[in-house]
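What follows is a set of notes on a single structure, which appears directly below.
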Amino acid sequence: MSLLVNQAPRRQPIRRGLGLLGDSFSGNCHTIGATVYGTEVYGYAAWIAARTGLFPSYVDNQGKVGDHTGQFLARLPACIASSTADLWMLLSRTNDSTTAGMSLADTKANVMKIVTAFMNTPGKYLIVGTGTPRFGNKALTGQALADAIAYKDWVLSYVSQFVPVVNIWDGFTEAMTVEGLHPNILGADFISSRVVPIITANFEFPGIPLPTDAGDIYSAIRPFGCLNANPLLAGTGGTLPAGVNAVAGSVLADSYKAVGSGLTGITTRWYKEPAAYGEAQCIELGGTLAAAGG
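Using my numbering, read the sequence shown as starting at 438 and increasing by one per residue.
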């Protein structure tokens, strides 16, 4: 029982994974290699990760190039069954617009099937997006354009009654696309800037508590201390080998050693900043990666 007249709604606790369901709009957020965990630079998921601390692993990317919403349903069970991602995003239905014989009613039915599945699964959550406009030779016209706009309005007015929704249509421009459709870096920044407030307002994902002192894990008095010798990241005597391409003046905390490979074209700057306890070790990347796989 609460004595508050207007109690603040409780944010839902979730694990730190972030899942993507959809078409190439989702699929392009990751590289193809099955062992590649890093999102590509133009992937909005990478920007969301940087701004929230969520982790969009490739194993939770259920986006497939060219699919329409009816085909999303085949991968819906994998979303529900995921052991790493509780929060999923369905941001695009753009291929419905170019699939012969597919109506707006078909799209709505498919999306509501997905929404209902998440609502009926405790601990699993979905954010639905409006989709983005298309430009240039990818632009929609006539009924297809009217349906895309109607879908956006439907998401904002109807779907929002059931799950969180995000408007990534209004304000999205051709300059934010690679070729009139898929987001470039500017587009990824824009999309993440719309999605992140929705995530932080509705969900919480506790991280690992940072140490406040250098307590020893092997202490008989306090056996839950720190695993390493320098948990507060003091000093500048750490090792920065050639493979990390550190710029002059870079420093790493005592007792630590950096590891890096495949970073041709990339430089790293390692520096320290004050933190609530001890110091923060910061890493800044610069340049353009010469080849995939770094």
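Glycine included, C-beta positions come from ideal geometry on N, C-alpha and C.
First through last residue of the beta strand (DSSP E) which encompasses residue i
i	result
Gly579	No beta strand (DSSP E) holds Gly579; the alpha helix (DSSP H) holding it covers 579-594.
Tyr655	That residue, Tyr655, is in no beta strand (DSSP E); it is neither H nor E in DSSP.
Asp523	522-527
Val565	562-566
Leu670	Here Leu670 belongs to no beta strand (DSSP E), and DSSP marks it neither H nor E.
Leu722	716-724
Neighbour-count burial assignment, residue i, 16 or more Cβ in a 10 Å radius
i	result
Ala483	buried
Met438	Model confidence at Met438 stands at a pLDDT of 47, short of 50, so the residue's coordinates are unreliable; what they give is reported in the following sentence. When all chains shown are included, Met438 counts as exposed.
Leu722	exposed
Thr553	exposed
Thr637	exposed
Lys545	buried
Asp523	buried
Tyr481	buried
Gly456	buried
Ile658	exposed
Asp744	Because the chain in this structure spans residues 438 to 731, residue 744 falls outside the shown range and cannot be described.
Pro711	exposed
Ile605	buried
Ala380	Not covered by the structure: residue 380. The range shown for the chain is 438 to 731.
Per-residue DSSP class, three states only, for residue i
i	result
Met613	helix
Met438	Reliability of the predicted coordinates at Met438 is poor, the pLDDT of 47 falling under 50, and the value obtained from them is presented with this limitation in mind. Note: Met438 maps to coil in three-state DSSP.
Tyr495	helix
Gly704	Before going further, note that residue 704 is Thr rather than Gly in the sequence given. Looking at Thr704 - three-state DSSP - the assignment turns out to be strand.
Thr676	strand
Ile551	helix
Ala542	helix
Val603	strand
Gly456	strand
Gly500	strand
Bounding residues of the alpha helix (DSSP H) (the contiguous stretch that carries residue i)
i	result
Pro514	513-518
Leu623	622-639
Gln598	Neither: Gln598 is in no alpha helix (DSSP H) and is coded neither H nor E.
Ile485	481-489
Gly744	Because the chain here runs from 438 to 731, residue 744 falls outside it and cannot be looked at.
Gly436	The requested residue 436 does not occur in the structure, where the chain is confined to residues 438 to 731.
Residues of its chain near residue i, where Cβ-Cβ distance is below 8 angstroms and the 5 sequence neighbours each way are ignored
i	result
Ser656	Gly662
Thr725	Gly702, Ile703
Met539	His505, Gly507, Asp533
Contacting residues, own chain, Cβ-Cβ under 7 angstroms from residue i (five flanking each side not counted)
i	result
Thr558	Ile517
Asp626	Trp484
Ala671	Ala690, Asp691, Gly715, Glu716
Ala585	Ser534, Gly568, Leu577
Sequence-distant residues of the same chain with beta carbon closer than 6 angstroms to residue i, five excluded per side
i	result
Gly573	Gly617
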